[in-house]
Each structure stands twice: as structure tokens, then as C-alpha cells.
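Heads up: the sequence shown begins at 1 in UniProt numbering, then just goes up one per residue.
In this text, a Cβ means the ideal position worked out from N, Cα and C, and glycines have one as well.
Note that the structure is a prediction, hence the values are computed from the model and not measured.
Single-structure report; data block below.
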Amino acid sequence: MQTVNKKRRISLFAIDFSCFVAAYTAAELVAVIFGKGSFSAGHYFTCLSILSALVFGMRFVTGVYKNIWRYANSRAFLSMVLADVVAGLLAVGVFELININRSLLYSLCQVFIITASFDIVTLFLRFVYQSFFGGICRVSRDNNKIGVAIAGAGKTGVFLAQELMASRHAHYMPVCFVDIDSEKVGNRILGLPVYSEKEIAEKLKNLPVQEIFIARPNITAAEAMRLSDLYSATGCKVKIYDFPMNDVDASARGGKKVIREIKIEDLLFRKTVSVADSETGAFYRGKTVMVTGCGSIGSELCRQIAACSPKKLVIVDIYENNAYDIQQELILKYGSSLDLAVEIASVRDVCRMEAVFALYRPQIVFHAAAHKHVPLMEHSSCEAVKNNVFGTYNTAELAEKYGAEKFILISTDKAVNPTNVMGATKRLCEMIVQSRTDSKTTFSAVRFGNVLGSNGSVIPLFRSQIEAGGPVTITDKRIIRYFMTIPEASQLVMQTGAMAKRGELFVLNMGEPVRILDLAESLIRLSGLKPYEDIEIKEIGLRPGEKLYEELLIAGEDMIKTDSDRIFIERDKPISREAVCEKLGILKNALESVCGTADQAPVVDALKKVVPTYRDPETVNNSAAAERELASHCGANNEPTEENAG
1 MQTVNKKRRI SLFAIDFSCF VAAYTAAELV AVIFGKGSFS AGHYFTCLSI
51 LSALVFGMRF VTGVYKNIWR YANSRAFLSM VLADVVAGLL AVGVFELINI
101 NRSLLYSLCQ VFIITASFDI VTLFLRFVYQ SFFGGICRVS RDNNKIGVAI
151 AGAGKTGVFL AQELMASRHA HYMPVCFVDI DSEKVGNRIL GLPVYSEKEI
201 AEKLKNLPVQ EIFIARPNIT AAEAMRLSDL YSATGCKVKI YDFPMNDVDA
251 SARGGKKVIR EIKIEDLLFR KTVSVADSET GAFYRGKTVM VTGCGSIGSE
301 LCRQIAACSP KKLVIVDIYE NNAYDIQQEL ILKYGSSLDL AVEIASVRDV
351 CRMEAVFALY RPQIVFHAAA HKHVPLMEHS SCEAVKNNVF GTYNTAELAE
401 KYGAEKFILI STDKAVNPTN VMGATKRLCE MIVQSRTDSK TTFSAVRFGN
451 VLGSNGSVIP LFRSQIEAGG PVTITDKRII RYFMTIPEAS QLVMQTGAMA
501 KRGELFVLNM GEPVRILDLA ESLIRLSGLK PYEDIEIKEI GLRPGEKLYE
551 ELLIAGEDMI KTDSDRIFIE RDKPISREAV CEKLGILKNA LESVCGTADQ
601 APVVDALKKV VPTYRDPETV NNSAAAEREL ASHCGANNEP TEENAG
């Protein structure tokens, strides 16, 4: 690479020197033809030597030949001209000192004409070079490069274009910019034309553009959705340029600038943030931490805990594939620097779990093990109660017995006014935690909604349906859910663990809810297809126990704010250990009564008895739908019309 750069500089110097000699010779001939006097070889070579030495010496000093001219900006051109002006003035001074010219005026005119003509020629050559190698011509000359349009002609977009132009190894070559700024549209930046959003679809028909990069930092989800739809309609692949705008962004992304596919997170109606902080990391450093259940959240908790340098990380799961996958991932990343233990065990097996607790004596326990799929648990109510309720009870008892400092239960928004078995069992799990305020172990629970891309969630299902050609199935077009990314949810869970004091029920602020129909349409568009044209969206009806609208209850007097605007604490009525034990006894009797049979009804009836907020799903959905329809109708009536707008 150094050899290539050296050859390039020598070639450029040779071209410039030839132009300079030509300009100087032309000036001398003009002086001889139209002026007085005759040609003198001695005078010619002396002046040429002095002026060329000063001009090119100044250019080397100011780094003119270190510039890569195919993407140079106006500052680079100005520095070259200023270097020549300074060199010219120095030359006039030298000419006067050695008294080589007839007068000071003659020297000034001579130097001005030579340097001006020289600069005009060299600037022209550089503009031609930049236009050829930095614009459309370069794309057409290089069939291995992918032509791209950059949406955003601000600092970020221009920086991206410069980087792509500078790298010979880049797979992309910018062809044009797209912007909404009227002062930029119709002009050129870095030799590339700037088009408006309105005309880009028509312009791209005649341009070698295959992809469009959105280079607009900090755009809202709604704007990302609009741009994605706008540019996808051109037939080009749409990507996002992730550029770290500050130290926090740079740290979160490892300082990398990334061109990536648009993710569904970019189109959600909330801003995904990195909430990692040094205090939370310090809390887990040097401690033995146990995580039960290595599903989506459990695995991510393991990743983030491992990054905090714990004394030991203990992973407990009944499903060996999950446990193996996260074990191998962490070994590959941390090697022997992480003290990692993996135990295959069921939280329902008290004897096995006690052996694990006795062996490792964890200081922090994250209890994420649970059956979570609503329709399956409606059909297998007994298993939901055994695993979720009694599994939580067993783990909590052992954490207390073996002196754990903290126990954090992973709960769900489905525990709020539950309409299904899974939600009811998780509400009872919360009660188990809340009943232990008198324990030396600090018990707490954290409640949040759906996480993007978790195992068995709606997004992987939609993607597989899209890949199969459709249809994409939704249960009801009115259904809404709260969403959060897996890393963000895990970070907030770790924060709640660090801040827990005694029996708190933490509730995460999930932002605005998202319509599942909007989610399905967005995923289809991200796949380069059109909803309802390329891929059908089919409504199949609500599943057993499913709500139209999930609740988190983060608003109102029942919520206490914390130092984080993403974390709240619910004010809930205290419950005694005795009351919880009585509830567990009722469930245990119900389980024993159906042992060896397929009858689930007694267990469901027992759940409804011990969870007072358990509601019939049809009643809840009808009531919620009626309330929303009424609110929408009232809102429409309150909108100003032409008659009353004034």
C-alpha cells in the first residue's frame, strides 16, 4: 500500500511539474512577444528553478500531495491555492533580492500570471479526476462495486460517501445523495448529484443503484418506517448506516460504524436504548450468580452477567440444548477467564435443586425458568402449575435456605389481571416473592412484556411464514402488545436486581404498545415484499386465554418512580407467607385430584380461586374493545370541524 501511495504521489507531482513548466514557458513567451526585450536562457532557467522550488516545496510542506483527490473537499483545494500564493510572494522577494527582473511590478505580474494559470490547470485536472473516480463514471467502470444512493446529505451521509470513495476494498460506491433540504437538492456534493425524495424513484430508473443507505442519525421509528416504505418502493434494497454520534453510542457499538439491514426494532414505536451502567456491573462483579432457565432472556442474562466479571456463573436448565449452546458461546468468548458451571436440573425436583444450591451457594439468583406459551399452557394447566408455581416456590425456598443475597423473579405483563393459566401462574409466583419481605434474602420480581425475537415469539413465526410465501397469520387485527429488545430487557432486569431492597414488584416501562398487524406489515416490507399483494395477512381468531390488550399498569397512583425512567415499582397489597402456603395447598390438592387423568378443570378452578384477579378472557376482551371504541368515538367527536374550528 505504501508503494502504491508513493507511485501515486510521484505521478501527480510529475503531471503538476509538467503543467508548471508549460505555464511558465507560456508566460515567458507572452512577455517576449508582447513586451520589450529578448529571450535569455539564463534568466529563464534561473527564474524557473527558483519559482518551481518554492511552489513545490510549499506544496510538500503543506501536505498537498498527501491528499486523496478523488474525494477531496473545498478545504483541500483552498490549501493548495494558498500554498501557491505564499510561494509566489516568496519568489517575488527572492527576485528582488538578486535583482533578476527589471522591476517589482514586473515580478508581481510575472508570478501572478504563472501561478494563476498553473492553479487553474491543476485544479481543473483534479476536478476532472474527482468527477471521474468519485462519481457515476467510477461505478460504471467497476462492475464489482454495488451502486448506492445515500439518503441524507448531512455530515453523516457525506462522511459515509467519503469513506466509501476512499476505500478501494469497499463493496459499495456512492452514486447520488437523497435529501429534503432545498438548498442541497439540485447541487453536487463530492461530485455526486443530490436529488429530492419526490424525484428519487424516477431518477433511479436511469442510475446504477442497487441499494439505498439511510444515513440520518437519531431518526424516530415513525420516520424510519416512512423512509423504509418510500425507498423499498423503488425496488432497491434499503439499509441503515449506524454511526456512533457520541461516546455512549460508540461504547455500545464497540466504536464501529456499521452498514446493516433495517431491523424490526428500528420500526417499533419506541426508542431502543442502551441502559448499561457501571454501578450495575459493579454490583455483580466478584459474586456467584445463578440463572435458572436458558431461554431468550435467561441466555442474555448469562451474557451480560459474564461481562461483569462474576466470581462464578451457574447455569441451571432442564433443556440441555439451550444450556449447551450458551455454555459453548461463553467458553468461546471468555475461555478460562470465566468460571462457568452448567447443571442440568428441573426446578420441580427439590432434591436435585438442593444439591445444586448446596454445591455452589449462589449469592444472586435470577429465576427465569418457566413455561410461557399461553395456548400450550391452556391445554396443559397441570404442567404450568407444577413448573411455574411450585418450581418458583422450590427455588425461592432454597435461595433463602442457602443464604442468597438476592432472588429476582422474571415475570410477565400477562400476570396483570390474567385471562389465562400462564398469566395466573406467574401472578401466583409474584405472590410467593412478595410474601418474603421478612427474609434475610432480598426477594423481588420484575414484570415486562414481549421481547423481540424470543424463542417461539411472533416475529420468528412471521418470518418463517414470509419465507414460505405466506400467509402471515394474526389472531386479531385489533391486538396490541408491548415489545422490548432482549438485551434492553435483560439490562433493566439486572438493574432491578441491583436496586431491589425488599419484596418489590418492578414494572418496566415498555413504551408505546405496537399493533401486531403493523408488525406483520413491517416485516413483510423489510423482506422486500408488499403486504396483501405479495404476502397475504390472514386473521385466524384469538387463541384460548389470549387478550386483545395486555396491561403493564405503569401509570397512576399505584406506581412508584425510581431513579430510572424505565423502571417503576408497583404498590401492591402485602401478602403473608401463610396466605401463600394456603393457596399452594389448594393447588396441590387440585393436582392430586386429577393425577392419572386428563381432566384439567379442577386445576383451572383452583387457580381462579387462589388468584382473585383471574378473569374470563372473552369478558375482558369485549369490555376492553368497547372501551377503546367509545374512546375513539369520543375523540373523533371532539375534533374540530370546519363549522366550529374557528
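* Alpha carbon to alpha carbon, what distance is there between PHE13 and ALA116? -> Answer to the nearest angstrom: the Cα atoms are 18 Å apart.
* Beta-carbon separation (whole angstroms), GLY152 vs ALA224, contact threshold 8 Å -> Their Cβ separation, rounded to whole angstroms, is 12 Å, which puts GLY152 and ALA224 out of contact at 8 Å.
* **GLY147 - containing beta strand (DSSP E), residue span** => Residues 146-151.
* **Within the region 532-576, ranges of the beta strand (DSSP E) (whole runs, at least 3 residues)** => DSSP assignment within the region 532-576 yields the following whole beta strand (DSSP E) runs of 3 residues or more, N-terminal first: 537-539, 559-561 and 567-570.
* Unbroken beta strand (DSSP E) run spanning VAL64, endpoints -> No beta strand (DSSP E) contains VAL64, which DSSP labels as neither H nor E.
* Asked: Are ARG447 and VAL507 closer than 7 Å when you measure CB to CB?
  -> For ARG447 and VAL507, yes; Cβs fall inside 7 Å.
* To do: In angstroms with no decimal places, state the Cα-to-Cα distance between VAL32 and SER52.
  => Across the structure, VAL32 and SER52 are spaced so that their CA atoms are roughly 20 Å apart.
* Start-to-end residues for the alpha helix (DSSP H) that takes in VAL356 -> Counting along the chain, the alpha helix (DSSP H) containing VAL356 begins and ends at 350-360.
* Asked: Under a three-way DSSP split, which group does CYS176 fall into?
  -> Correct three-state label for CYS176: strand.
* Asked: Just how far apart, CA to CA, sit ASP413 and ALA201?
  -> One C-alpha to the other measures close to 43 Å.
* Can you list, in chain order, the residues of its chain whose CB lies under 7 Å from that of residue 647, leaving out five sequence neighbours each side? -> Look at the range of the chain in this structure, 1 to 646, and you will see that residue 647 is not part of it.
* To do: Assign ILE259 to one of three DSSP states: helix, strand, or coil.
  => Here ILE259 carries a strand assignment [DSSP, helix/strand/coil].
* With a threshold of 16 other CB atoms inside 10 Å of the CB of GLY298, please say whether the residue is buried or exposed. => Result: buried.
* To do: Have a look at CYS236 and GLN210 and give me their C-alpha separation to the nearest angstrom.
  => Rounded to whole angstroms, CYS236 to GLN210 spans 5 Å at the Cα level.
* If you follow the beta strand (DSSP E) that ASP242 is part of, which residue opens it and which one closes it? -> DSSP places ASP242 inside the beta strand (DSSP E), whose first and last residues are 237-242.
* **LEU584 versus ALA445 - alpha carbon distance** => In a straight line, the C-alpha of LEU584 is about 19 Å away from that of ALA445.
* To do: Starting from the C-beta of VAL21, find all residues in its chain whose C-beta is less than 8 Å away, skip the five residues before and the five after it, and write them out in chain order.
  => Same-chain partners within the cutoff: LEU48 and SER52.
* Where does the unbroken alpha helix (DSSP H) through HIS373 begin, and where does it stop? -> For HIS373, no alpha helix (DSSP H) encloses it, and the DSSP letter there is neither H nor E.
* Asked: Relative to the alpha-carbon of GLU551, which residue among PRO531, LYS573, PHE483 and LYS609 has its alpha-carbon at the smallest distance?
  -> When PRO531, LYS573, PHE483 and LYS609 are compared, the shortest CA-CA separation from GLU551 is found for PHE483.
* To do: Provide the residue span of the alpha helix (DSSP H) that contains MET290, from first to last.
  => Premise fails: MET290 lies in the beta strand (DSSP E), 288-292, not in any alpha helix (DSSP H).
* Asked: Excluding five sequence neighbours on each side, which residues of the same chain lie with their C-beta closer than 7 Å to the C-beta of ALA606?
  -> Excluding sequence neighbours, ALA606 sits near ILE586, LEU587 and ALA590.
* **Selected residue, minimal CA-CA separation from ILE180, among GLU197, THR473, VAL158 and PHE357** => For the options GLU197, THR473, VAL158 and PHE357, the alpha carbon positioned closest to that of ILE180 is the one of GLU197.
* Closest by CA to ASP476, which one among ALA498, ASP534, LYS538 and ILE466? -> Checking every option, the nearest Cα to that of ASP476 belongs to LYS538.
* Identity of the residues DSSP links to HIS379 by a beta bridge -> Beta-bridge pairing links HIS379 to no other residue.
* What are the boundary residues of the alpha helix (DSSP H) that THR473 is part of? -> It is not in any alpha helix (DSSP H) - THR473 instead sits in the beta strand (DSSP E) that spans 472-474.
* Mark ASN388 as exposed unless 16 or more other C-beta atoms lie within 10 angstroms of its C-beta, in which case mark it buried. => Buried, since its Cβ has 16 or more Cβ neighbours within 10 Å.
* Asked: Hey, how far is the Cα of GLY135 from the Cα of PRO208?
  -> Low confidence applies here, because GLY135 scores a pLDDT of 49, under 50, leaving its location unreliable and the question unanswered by this model.
* Residues near ALA384 by beta carbon distance below 7 Å, same chain, minus five either side -> Counting only Cβ-Cβ distances below 7 Å, and skipping sequence neighbours, we find HIS371, MET377, VAL421, MET422 and THR425.
* Can you tell me whether DSSP reads MET484 as helix, strand or coil? -> When secondary structure is reduced to three states using DSSP, MET484 falls in the strand class.
* With distances taken from CA atoms, which of PRO513, ILE432 and TYR402 is nearest TYR360? -> For TYR360, the nearest C-alpha among the options comes from TYR402.
* **Of the residues GLU329, ASP317 and MET353, the one placed nearest VAL342, counting alpha carbons only** => If we check each option's Cα against that of VAL342, ASP317 comes out closest.
* Asked: Which residue or residues does DSSP assign as beta-bridge partners of ILE410?
  -> For ILE410, which the question treats as bridged, DSSP gives the partners VAL446.
* Kindly indicate which three-state DSSP category HIS367 falls into: helix, strand or coil? => Three-state result, HIS367: strand.
* To do: Put VAL416 into one of helix, strand or coil per three-state DSSP.
  => Residue state, collapsed to three classes: coil.
* In the DSSP assignment, what residue or residues form a beta bridge with LEU505? -> Its beta-bridge partners are ALA445.
* Based on the DSSP secondary-structure assignment, which residues constitute the bridge partners of ASP317? -> Within the DSSP secondary-structure output, ASP317 pairs in a beta bridge with ILE344.
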